[in-house]
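Asker:
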Amino acid sequence: MKSLFNYLKKIPHHSSDFSEASEVNFAPQPLGFNLIGVTNLAQATFPILVTGSALLVATSTPVEAQSVTYDNTTSAAITSNSCSSPIVRTFNVTDNFTVQDVNLGFNADHTWRGDLRVTLQHPDGTSVDVISNTGGSADGFDVLLDSNSGNSLDDGNDDDTAAPLYDRTVAPSNSLAVFNGKTSNGTWTLEICDSVGGDEGTFNSARLVLDGTALPVDYGDAPDNTASTGNGDYQTLSANSGPTHTIDNTTYLGAGVTADTDGFGDGTDNNNNATDDTDDG
Numbered sequence: 064m065k066s067l068f069n070y071l072k073k074i075p076h077h078s079s080d081f082s083e084a085s086e087v088n089f090a091p092q093p094l095g096f097n098l099i100g101v102t103n104l105a106q107a108t109f110p111i112l113v114t115g116s117a118l119l120v121a122t123s124t125p126v127e128a129q130s131v132t133y134d135n136t137t138s139a140a141i142t143s144n145s146c147s148s149p150i151v152r153t154f155n156v157t158d159n160f161t162v163q164d165v166n167l168g169f170n171a172d173h174t175w176r177g178d179l180r181v182t183l184q185h186p187d188g189t190s191v192d193v194i195s196n197t198g199g200s201a202d203g204f205d206v207l208l209d210s211n212s213g214n215s216l217d218d219g220n221d222d223d224t225a226a227p228l229y230d231r232t233v234a235p236s237n238s239l240a241v242f243n244g245k246t247s248n249g250t251w252t253l254e255i256c257d258s259v260g261g262d263e264g265t266f267n268s269a270r271l272v273l274d275g276t277a278l279p280v281d282y283g284d285a286p287d288n289t290a291s292t293g294n295g296d297y298q299t300l301s302a303n304s305g306p307t308h309t310i311d312n313t314t315y316l317g318a319g320v321t322a323d324t325d326g327f328g329d330g331t332d333n334n335n336n337a338t339d340d341t342d343d344g
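So for the sequence shown, the numbering used here puts the first residue at 64; every next one is plus one.
1. Going by DSSP in three states, residue 249 sits in which element: helix, strand or coil?
2. By the 10 Å Cβ neighbour count, where 16 or more other Cβ atoms means buried, how is residue 137 classified, buried or exposed?
3. Please list, in chain order, all residues of the same chain as residue 274 whose beta carbon is under 6 Å from its beta carbon, the five residues on each side excluded.
4. Three or more C-beta pairs under 8 Å: does that hold for the region 237-255 against the region 175-187?
5. Between the Cα of residue 255 and those of 143, 134, 151, 133, spot the shortest distance and give me the residue it belongs to.
6. Taking the beta carbon of residue 132 as the centre, do at least 16 other beta carbons fall within 10 Å, making it buried, or is it exposed?
7. Applying the criterion that 16 or more other CB atoms from any shown protein chain within 10 Å of the CB defines a buried residue, is residue 140 buried or exposed?
8. Using C-beta distances below 6 Å, list every residue in its chain close to residue 204, excluding the 5 sequence neighbours before and after it, in chain order.
9. If we call anything under 8 Å between Cβ atoms a contact, is residue 236 one with residue 197?
10. Do residue 180 and residue 4 have their beta-carbon atoms positioned less than 8 Å apart in this structure?
11. So, using beta-carbon positions, are residue 243 and residue 208 closer together than 8 Å?
12. Taking just the CA atoms, how far does residue 199 sit from residue 228?
13. With burial defined as no fewer than 16 other Cβ atoms inside 10 Å of the residue's Cβ, what is the status of residue 134: buried or exposed?
14. Following the continuous beta strand (DSSP E) through residue 264, name the residue where it begins and the one where it ends.
15. With distances taken from CA atoms, which of 226, 156, 215 is nearest residue 268?
16. Less than 8 Å separating the beta-carbons of residue 160 and residue 276?
17. Identify the continuous beta strand (DSSP E) that holds residue 133 and give its terminal residues.
18. Taking the alpha-carbon positions, what's the residue 174 to residue 127 distance?
19. Report the residue from 264, 216, 278, 206 whose alpha carbon sits nearest the alpha carbon of residue 401.
20. For the beta strand (DSSP E) that contains residue 173, what are its first and last residues?
21. Under three-state DSSP, which class holds residue 259?
22. Roughly how many angstroms lie between the CA atoms of residue 201 and residue 261, to the nearest whole one?
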């Protein structure tokens, strides 16, 4: 905190009442002031009163974990030898975060489940064959595909496809970890087909489970290029009744204040925008 104030005391600051501006000298003395034009205080944390939206102070916060579930229960017949025209089901994911883990619930009746191929595709086109003719001669699938599982898709037993659903956790044919690090939102696509003739079945339902962390947010001032107040103009200038910001604390900045009536501290408009709320520090 001391280093922040040492930095600030070297910068000319101006009152938000632009009828008169002021700059400070450097002998220690308590002085309340308004700070204009600061967009980032580099992780500093101190009591602050904000009466507007132009000053944003960003501090580090814990990243929030998220878990979302999307279901598709639109059933369809799985005809034999149908991979040229697979069943297509989608999950419209509206949540937006960075994916850290993907699991997939899959439920289907079939008289020879080893004929089935199931592919999951990310919105960016990345795809994984999660079931690839793996399951042997047993009937049906009612599984939760989890890359962290050590259990096999083909356990030699028929799956009961009645509720409770997805109660057998198994490893997919290929890892779902390829989706880790991608963003979650968008349309995920599931394709189901039978790659061999002779047996048929029914797709019953699927569940997409996404775990991850919230995307980082970069804070900064909203743009304000004119003194208008229409759509897209965020009123960060004094000229259009923008906000002022007051540090609600005692700050040692100098022994006295010298008046400067032109509003530019040293009498020069360095950035040539001719507005009184600009801090030329």
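By construction, the Cβ of each residue, glycine as well, lies at the ideal position given by its N, Cα and C atoms.
Answerer: In brief:
1. strand
2. exposed
3. 130, 163, 164
4. yes
5. 151
6. exposed
7. exposed
8. 169, 171, 176, 222
9. yes
10. Because the chain spans 64 through 344 in this model, residue 4 falls outside it and cannot be assessed.
11. no
12. 21 Å
13. exposed
14. 264-277
15. 226
16. yes
17. 128-135
18. 44 Å
19. Given that the chain is displayed from residue 64 to residue 344, the structure contains no residue 401 and the question cannot be resolved.
20. 160-173
21. coil
22. 15 Å
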